[in-house]
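In what follows, a single structure is set out as structure tokens and then discussed.
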Amino acid sequence: MCKITFISHDGKETLLDKAGGNLMEAAVEHGIAGIEGDCGGVGACGTCHVHITPEWRDRVGPVTRFEQEVINNLHNNSPCSRLGCQIELTEKLDGLVVRIPKPA
Amino acid sequence: MDDNHLPANDPFREKREAEGILKATFQGKKIPMILGFRDVRAAAADWKTFSNDAPFRVPIPSEEDVRSVRQLPIETDPPEHADYRKIVEPFFRQPKEAEMVQKVNVLIGKLLQQATTRPTIEIVREFALPLQSRALTYLLRVPETEANEWISWGTHVFRDGGNGEAKGAALERYITRQLDRAVENPGDDFFSALTQAKFRDRPLTREEMVGFANLTFAGGRDTVIQTVASIIGYLGGNPKALETLRTKPELINMAAEEFFRFVSPLTHIGRVCSHATEVKGMAVEANQRISLCWASANRDASVFEKPDEILLDRKPNPHIAFGSGVHNCLGALHARLLTRSLLRQLCERVAIIKILDAKDHVEHESHYERRLGYDSLVVQMTPRNCQP
């Protein structure tokens, strides 16, 4: 379990104290606006698109090829883009800060 | 039917792997089909070249003969597309709401209860069609009794028997009646919302309202029906898969996505080239159509390991059965809710699905034949409490 801060596109911050599973599941469970997880986490829908702040990118790990291909087709993608469903929340991510891109 | 029978085939593999394109002809017109996953995705994203701003010509075959209006929002491009889509999106996001989930669960529970108490049931018309139509009444917030008329339209609003032109005209008359009723007696339903909606600060025209409703009835109909029938057919032919899902319910979501990938119930969709271009080395003229072949892309072995197998725990599964890019399927959440609920309740309520007779549904085209789902699927469903 770890602490995660979500920052919406208009700057609103939401802190989850004890988040587990993957980032998408944690966000959906707590009703974080802008993260939908429509496909349930198989990487088909891209509705769990987040931006990882630069200081966390190394710890979150590299994007996979399939994930990058999904990201390439998403609105507001950037080198910081990840799919929340592909980020498992382990102890090393305690304190993680993610931004939710502005929707199309 | 043998245990390995699968509910869809892949007639595109050879061309996909050799050339990435199938030079096909539909209604006498050359329409190159893009086959590879990455090529399809790239073309779907490039709406400036491969445009949706083409009334009647996005579906293949084209639909000039069966409707009089541009379907909205799909037959538009950004930025108009986003503004049109926003008008109806709240209705299509309802499957996220607990009330909608509960209603669909109850509906599928009832349908399965009826199915398991009958000696036999024909799945396509006696189960999947009523399921799709009744569930759509929840999405559109209209009385469930409306589904009785929708069911009478068959598995496809234009192309399920009868005269397509007459069927299309009947659909438009129905929509007009509903819109007239909504003006007279507005409620919180889809038609009332259309009559009150604004597009960029102006009311929708009647033609636009009919265009939204036309897509709502035409899309997500045969596709949902064939996905539902395919799931039941597959689980009937592969009882171990039903058992696996029963013992591992955490696989339900993944299994649903895998059925969407495998069945890819919308084989392909059209785009119109806004200027002369090239597709996999083939010159394409301005105003010529191309096809984005979702079904082929979803069997691309460079993306999907063992693409011709149904892997209930496939993950990742970046399929594009619901399309890709800004024009992706509005009804995807609804389809997901239906299939997940169906799988969950099949596990809970049905011990064995015995297939008694199956007639494959086959798309016969000049350059390929694609089998997907069934024209008819007669099964016997044994309820779990009757297990010997």
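Those protein sequences? They're chains P and Z, same order as listed.
For the first sequence, my numbering assigns the number 1 to the initial residue and increments by one for each residue that follows.
For the second sequence, my numbering assigns the number 105 to the initial residue and increments by one for each residue that follows.
All C-beta atoms in this analysis are idealised placements derived from N, C-alpha and C, irrespective of residue type, glycine included.
Secondary structure of residue i, DSSP reduced to three states
i         : result
Z:Arg-263 : coil
Z:Cys-377 : strand
Z:His-109 : coil
P:Asp-10  : coil
P:Lys-102 : coil
Z:Tyr-472 : coil
Z:Pro-523 : The requested residue 523 of chain Z is not part of the displayed model; chain Z covers only 105 to 492.
P:Asn-77  : coil
Z:Glu-88  : For chain Z, the structure presents residues 105 to 492; residue 88 of chain Z sits outside this window and is missing.
Z:Ser-237 : helix
Z:Thr-249 : coil
Z:Ser-368 : coil
Z:Asp-284 : helix
Z:Phe-295 : helix
Z:Ile-459 : strand
Z:Gln-484 : strand
Z:Thr-220 : helix
Z:Glu-467 : strand
Z:Pro-290 : coil
Z:Gly-477 : strand
Cutoff 9 Å: residue i Cβ touching any chain P Cβ
i         : result
Z:Asp-106 : With a pLDDT of only 42 at Z:Asp-106, under the threshold of 50, the placement of this residue in the model should not be trusted; the figure read from the coordinates follows. No, its Cβ sits nowhere closer than 9 Å to a Cβ of chain P.
Z:Val-430 : yes
Z:Leu-275 : no
Z:Lys-200 : yes
Z:Ala-436 : yes
Z:Gln-491 : Confidence is the limiting factor: at Z:Gln-491 the pLDDT is only 49, short of 50, which leaves the residue's position unreliable, though a coordinate-based value still follows. For Z:Gln-491, the answer is no, since every Cβ of chain P falls outside 9 Å of its Cβ.
Chain Z contact for residue i (CB, 9 Å cutoff)
i        : result
P:Cys-39 : yes
P:His-75 : yes
P:Phe-66 : yes
P:Val-70 : yes
Nearest-angstrom Cβ-Cβ length linking residue i and residue j, presumed shorter than 8 Å
i         : j         : result
Z:His-471 : Z:Ala-128 : 4 Å
Z:Leu-447 : Z:Ala-359 : 6 Å
Z:Arg-365 : Z:Ala-425 : 6 Å
Z:Leu-418 : Z:Asp-114 : According to the sequence as given, residue 418 of chain Z is Arg; it is not Leu. With a Cβ gap of about 16 Å, Z:Arg-418 and Z:Asp-114 do not count as contacting.
Z:Val-144 : Z:Gln-236 : Going by Cβ atoms, the distance from Z:Val-144 to Z:Gln-236 rounds to 26 Å, so no, they are not a contact pair.
Z:Ala-112 : Z:Ser-368 : 7 Å
Z:Cys-397 : Z:Ile-138 : 6 Å
P:Ala-26  : P:Ser-8   : Not quite, the Cβ-Cβ distance comes to about 15 Å (not below 8 Å), so this is no contact.
Chain C within 9 Å of residue i, Cβ atoms only
i         : result
Z:Ala-186 : Chain labels in this structure do not include chain C; the protein chains are P and Z.
Quiz prompt | alpha helix (DSSP H) runs wholly inside the region 139 to 192 of chain Z, at least 4 long, in chain order | solution = 141 to 149
Self-check item: Interface residues of the region 417 to 429 of chain Z facing chain P [CB-CB below 9 Å]
Solution: Arg-418, Lys-419, Pro-420, Asn-421, Pro-422, His-423, Ile-424, Ala-425, Phe-426, Ser-428 and Gly-429
Self-check item: Residues in the region 354 to 380 of chain Z having any Cβ partner in chain P nearer than 9 Å
Solution: Ile-356, Asn-357, Met-358, Ala-360, Glu-361, Glu-362, Phe-364 and Arg-365
Practice problem: Would you list, in chain order, the members of the region 142 to 156 of chain Z that have their beta-carbon closer than 9 Å to a beta-carbon of chain P? | Solution: Arg-142, Arg-145, Ala-146, Ala-148 and Ala-149
Quiz item: Which of the residues in the region 438 to 460 of chain Z, read from start to end, lie with their CB under 9 Å from any CB of chain P?
Solution: Flagged, chain order: Arg-440 and Arg-444.
Quiz prompt | Contact residues within the region 398 to 419 of chain Z, judged by C-beta distance below 8 Å to chain P | solution = Val-407, Arg-418 and Lys-419
Quiz item: What are the uninterrupted segments assigned as beta strand (DSSP E) that are 3 or more residues long and contained completely in the region 23 to 73 of chain P, given in chain order?
Solution: 49 to 52
Quiz prompt | Members of the region 15 to 45 of chain P near chain Z, C-beta cut-off 9 Å | solution = Glu-36, Asp-38, Cys-39, Gly-40, Gly-41, Val-42, Gly-43, Ala-44 and Cys-45
Self-check item: Continuous alpha helix (DSSP H) assignments of at least 4 residues falling wholly in the region 385 to 454 of chain Z
Solution: 398 to 401 and 436 to 453
Exercise. Taking only beta carbons into account, state which residues of the region 286 to 303 of chain Z come closer than 8 Å to chain P, listed in chain order.
Key: Going along the region 286 to 303 of chain Z in chain order, one finds no residue with a Cβ nearer than 8 Å to chain P.
Exercise. With a floor of 4 residues, list each alpha helix (DSSP H) that falls wholly inside the region 299 to 362 of chain Z, ordered by position along the chain.
Key: Uninterrupted alpha helix (DSSP H) stretches at least 4 residues long and entirely within the region 299 to 362 of chain Z occur at 310 to 322, 326 to 341 and 343 to 351, given in chain order.
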